[in-house]
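Numbered per UniProt numbering, the sequence shown spans residues 1 to 783. Heads up, the beta-carbon is just placed ideally off N, CA and C, and yes, glycines get one too. Predicted model, so just to flag it, every value in this text is computed and none were measured. Here's the structure, in structure tokens; my notes come after.
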Amino acid sequence: MKARADDFASYNAVDDTFVLASVSSPAEEALLSDWLESQRRAHPESRIEVLKLPADDDPPPAVMAQLVELLEADADRSVVPVRVFWVPAGLPTRSKVVAVLSGRDTYCPPKVLQHAILKRDPSRARVVAGEPAKVSELRQRWSETTVAENPREFARFVLRRAILAVERVELRLLGPEYKSPRLIKPEVLASARFREGLAQIPGATVEQAGEMLDELGTGWSRFSVDLIPALGRAIFSRGFDPNIDYDRGEVEAMRQSLEAHPAVLLFSHRSYLDGVIVPVAMQENRLPPVHTFAGINLSFGFMGPLMRRSGVIFLRRKLDDPLYKFVLRQFVGYIVEKRFNLSWAIEGTRSRTGKMLPPKLGLLAYVADAYLDGRSDDILLQPVSISFDQLHETAEYASYARGGEKTAEGLSWLVNYIRAQGERNYGKIYVRFPDAVSMREYLGEPHGPMATDEPAKRLAMQKMAFEVAWRILQVTPVNATALVSALLLSTRGIALTLDQLHHTLQDSLDYLERRQTPMSNSALRLRTPEGVRSALDALSGGHPITRTDSGRVTVWNIAPGDELEAAFYRNSLIDAFLETSLVELALACAARTETDRLDAFWRQVMRLRDLLKFEFYFADSAAYREHVTDEMSWHANWEGDIDAGGNRIDELLREKRPAIAGPLLRPFFEAYQIVADALIDAPAEISEKDLTAKALGLGQQYVAQGRLQSTESVSALLFATACQVAADQNLLEAAADLTDRRKAFRAELRGILKDMNTVDRCARRQFFARERNRRELRNDPVS
1 MKARADDFAS YNAVDDTFVL ASVSSPAEEA LLSDWLESQR RAHPESRIEV
51 LKLPADDDPP PAVMAQLVEL LEADADRSVV PVRVFWVPAG LPTRSKVVAV
101 LSGRDTYCPP KVLQHAILKR DPSRARVVAG EPAKVSELRQ RWSETTVAEN
151 PREFARFVLR RAILAVERVE LRLLGPEYKS PRLIKPEVLA SARFREGLAQ
201 IPGATVEQAG EMLDELGTGW SRFSVDLIPA LGRAIFSRGF DPNIDYDRGE
251 VEAMRQSLEA HPAVLLFSHR SYLDGVIVPV AMQENRLPPV HTFAGINLSF
301 GFMGPLMRRS GVIFLRRKLD DPLYKFVLRQ FVGYIVEKRF NLSWAIEGTR
351 SRTGKMLPPK LGLLAYVADA YLDGRSDDIL LQPVSISFDQ LHETAEYASY
401 ARGGEKTAEG LSWLVNYIRA QGERNYGKIY VRFPDAVSMR EYLGEPHGPM
451 ATDEPAKRLA MQKMAFEVAW RILQVTPVNA TALVSALLLS TRGIALTLDQ
501 LHHTLQDSLD YLERRQTPMS NSALRLRTPE GVRSALDALS GGHPITRTDS
551 GRVTVWNIAP GDELEAAFYR NSLIDAFLET SLVELALACA ARTETDRLDA
601 FWRQVMRLRD LLKFEFYFAD SAAYREHVTD EMSWHANWEG DIDAGGNRID
651 ELLREKRPAI AGPLLRPFFE AYQIVADALI DAPAEISEKD LTAKALGLGQ
701 QYVAQGRLQS TESVSALLFA TACQVAADQN LLEAAADLTD RRKAFRAELR
751 GILKDMNTVD RCARRQFFAR ERNRRELRND PVS
């Protein structure tokens, strides 16, 4: 049965019809009677029979027997589903709980109040009918999609089709934001596709599969579509501007895309708030709701049932049960086949460092299987960028970096989390929806070669996921918090005045504008001293900036204990400056090379890309070289000057603005060097866990000795990636030349840090030159 495209409250009866009417109260009985009487008056020549069903869609045996009889009586008879649709009264969302108790604003008012409600406002309810379908058509569809043969199973199939047909009609009245799957369990269990696959799993039973579907089961109730976004907004509005910042053009483009194909919304993940923000963004833009995957660890207390009714699909942490994996695959297939939208964090977990983590492919494989199985002619991967001016979770992330353990989720954790949102003003939330990635474009046609070529499918999925992440990075706006934090981290604890901060930030702003990088309004306001002061005030008080105003002028700095929190913000903008930072290091490397300096420049550019490939996203090799060429285009004869060496390269470095490699990349390379030092006397096949612990101890020693320029380099989070780099360089496996290669790796990192010192000296010269010019212009005394 399919929804009509005209006025669904008026059904044009055909010659022989029986109506499946779902009613739950005397008031609804009266509405149905009036509707039937009007239909019979309008179509006196038609024969209309009625079978009344309970509102819970679970008829008793006597009613089922009657339905079976009616279905077997005439194959040419048409079936018309009918239900009473209640229109909410439109109270403000914050009044939903009161509205439910009063019956004034609910999709199913209490029976005892229905007559009174209709007496006051007859428009509150209407009878809606789905498009008719012949019994013969329904039977054919039943035989094509299920393995059942029992007449009662056919009757239940008809009931499911009737429910879905009326649902589609009601969605036309309510809007796409109320779209949600129903009847997943009976539909999946009755599927011939499902039963055939189940039979191939040794020992698997329908009952076990049904229990797993209950565990996965989800859906947005209409009340939760209204309530949950309101609750989410209430939570984040405690500390954030309640008006989320969108790009309206992106929203409208996504709306058109979602009308044509099912989508997987893959969002960047920095905070638990992300799972709250996505439903709010969809609902307030009148977009179809998403069904979000979450770990089963979040199903605690009353949160489990509440979140299930709010589109959350709880997943087990381990997917090692063949039956569970099969059920999950069929569940995902059903969702996309019915054109509902899925959502999850592309990084799999929150980024504790502020930068984009590598994408996780596990769930994406299930969606790819559904596409290759022909469940949809295309599936869109919709990137979603979610970013914040500030987050209260940065203190937690700093604790992780020092080796702390994650706090287990629970009711007390939830209360504390919500309470923390109200501690102060955290600024704005930014949501961006760049162009979607087509699964068809990467996987080819459904049932194509990749359906059986697992390596090719995995490679295509990796490319898809990286493209999604790349698009997220391209649209995420750089904000003032990140720019100010990056600058103050570069001073290594030395405080700066407002004027010093303002004039130093201008080079970075110039660069971002030249590269047409998206920036928030807070970043654009850094063009003025007032905008800089506003950003500093928002971050002061150890969040993470310290303000000292007891002297002649007010100054700001980042204390050593706050560096890890500030690093989270700084790391969020590194991708915007990554290629220009690597150019600086390659120039410094070429300057200390005796011959073939241009070749040394390009070799170092590519080597730095290889060393940092676990930290950041890069274009492919050819595109990356083009980007580097473009980065150097500001200087007319840059290749000739590099090749000439000496003062010519020094002049390039002096002129290049901003000189920013040290503030952005030093913590990563210092962390790598600590791990390289730890490897020198480590066993040949040391585990990454043991290596991280050894590096933490060594790093603490270096901090105590003053051998590091920043304490943020001593981070379990950075060491984890450094271990990946060491493994990629084959430094964690026994070999005859292992000691020599470990020493060579350490020497290489020391060389990169030496080049970073060269760039830092250039940056300091630029700073002091600006200071001299500023004082000369203003005749300022030395502060």
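Problem set entry | Beta-bridge pairing of GLN382 - partner residues as DSSP gives them | LEU265
For this session: Look up HIS503 in the DSSP assignment and say whether it is helix, strand or coil.
Result: DSSP places HIS503 in helix when its eight states are reduced to three.
Exercise. Is the beta carbon of SER710 sitting closer than 7 Å to the one on ALA661?
Worked result: no
Exercise. Are there three or more Cβ pairs, one per stretch, closer than 8 Å when the segment 408–418 is compared with the segment 519–534?
Worked result: No: fewer than three Cβ pairs fall under 8 Å.
Exercise. Given that a residue counts as buried once 16 or more other Cβ atoms are within 10 Å of its Cβ, and exposed if not, what is GLN256?
Worked result: Here GLN256 is exposed, its C-beta having fewer than 16 other C-beta atoms within 10 Å.
For this session: Kindly indicate which residue of GLU252, SER271 and PRO288 has the alpha-carbon position closest to the one of ALA263.
Result: PRO288
Problem set entry | TYR272 versus PHE614: straight-line alpha-carbon distance, rounded | 24 Å
For this session: Indicate the three-state DSSP secondary structure (helix, strand or coil) for ASN557 in the structure shown.
Result: strand
Exercise. If we ignore side chains and look at the alpha-carbon of each, how far apart do VAL79 and ALA460 end up?
Worked result: 45 Å
For this session: Let me know the secondary structure DSSP gives PHE18 once reduced to three states.
Result: strand
Exercise. How do the segment 145–159 and the segment 178–191 stand: do at least 3 beta-carbon pairs fall below 8 Å, yes or no?
Worked result: yes
Problem set entry | Segment contact, 8 Å Cβ cut-off, at least three pairs: the segment 45–59 with the segment 115–133 | Too few Cβ pairs lie closer than 8 Å, so no.
Exercise. When we look at the beta-carbon of ASN773 and count the other beta-carbons within 10 Å, is it buried (16 or more) or exposed?
Worked result: exposed
Problem set entry | Beta-carbon gap between ARG567 and GLU712 smaller than 7 Å | The sequence given here places Ala at residue 567; Arg does not occur at that position. Going by C-beta atoms, ALA567 is nearer than 7 Å to GLU712.
Problem set entry | Close beta carbons around PHE300, own chain, < 7 Å, minus the five adjacent residues each side | GLU409, GLY410 and LEU411, listed in sequence order.
Exercise. Checking contacts by CB at 7 Å: is GLN709 closer than that to chain B?
Worked result: Among the protein chains of the structure shown there is no chain B, as only one such chain exists.
Exercise. Is it true that the CB of TRP220 sits closer than 7 Å to the CB of GLY311?
Worked result: Contact annotation: GLY311 and TRP220 have beta-carbon atoms nearer than 7 Å.
Exercise. GLU651 lies in the alpha helix (DSSP H); which residues open and close that run?
Worked result: 647–655
Problem set entry | Exposed unless 16 or more other CB atoms sit within 10 angstroms - verdict on ALA736 | exposed
Exercise. Taking DSSP as the reference, what is the three-state secondary structure of VAL79?
Worked result: strand
For this session: Please name the residue or residues paired with ALA37 in a DSSP beta bridge.
Result: Checking the displayed sequence, the identity of residue 37 turns out to be Glu instead of Ala. Looking at the DSSP assignment, GLU37 forms no beta bridge with any residue, so it has no partner.
Problem set entry | Distance, LEU198 Cα to THR452 Cα | 20 Å
Exercise. Count the other CB atoms within 10 Å of the CB of THR595; is the residue buried (16 or more) or exposed (fewer)?
Worked result: With fewer than 16 neighbouring CB atoms inside 10 Å of its own CB, THR595 falls in the exposed class.
For this session: Given a cut-off of 7 Å, decide if ALA704 and VAL675 are closer than it, judged by their beta-carbon atoms.
Result: no
Exercise. Should ARG471 be labelled buried (16 or more other beta-carbon atoms within 10 Å of its own) or exposed?
Worked result: Classification for ARG471: buried.
Exercise. Which residue comes first and which comes last in the beta strand (DSSP E) that contains PHE293?
Worked result: Its beta strand (DSSP E) spans residues 290–295.
Exercise. Does the distance from the CB of LEU473 to the CB of PHE577 come in under 7 Å?
Worked result: Here LEU473 is not near PHE577, since their CB atoms are 7 Å or more apart.
Exercise. With distances taken between CB atoms, is the gap from GLY71 to VAL135 smaller than 7 Å?
Worked result: Checking the sequence, you will find Leu at residue 71 rather than Gly. Against a cut-off of 7 Å, the Cβ pair of VAL135 and LEU71 comes out as a contact.
Problem set entry | Contiguous alpha helix (DSSP H) assignments of at least 4 residues, all confined to the segment 233–284 | The segment 233–284 is shown to contain whole alpha helix (DSSP H) runs of 4 or more residues at 248–260 and 274–284, in chain order.
For this session: Would you please state the rounded distance, in angstroms, between the beta carbons of VAL484 and LEU536? I believe it to be under 8 Å.
Result: 7 Å
Problem set entry | Residue span of the alpha helix (DSSP H) that contains GLU49, given as start and end | That residue, GLU49, is in no alpha helix (DSSP H); its beta strand (DSSP E) goes 47–54.
For this session: Determine which residues share a DSSP beta bridge with GLY427 and list them.
Result: According to DSSP, residue pairing for GLY427 in a beta bridge involves PHE240.
Exercise. Got a sec, what are the start and stop residues for the beta strand (DSSP E) ILE313 sits in?
Worked result: 312–315
Exercise. Is it buried or exposed for ASP641, if we count other Cβ within 10 angstroms and need 16 for buried?
Worked result: The residue is buried, with at least 16 neighbouring Cβ atoms inside 10 Å.
Problem set entry | ASN479 (DSSP reduced to helix, strand or coil) | coil
Exercise. Is the segment 333–340 touching the segment 417–434, taking contact as three or more C-beta pairs under 8 Å?
Worked result: no
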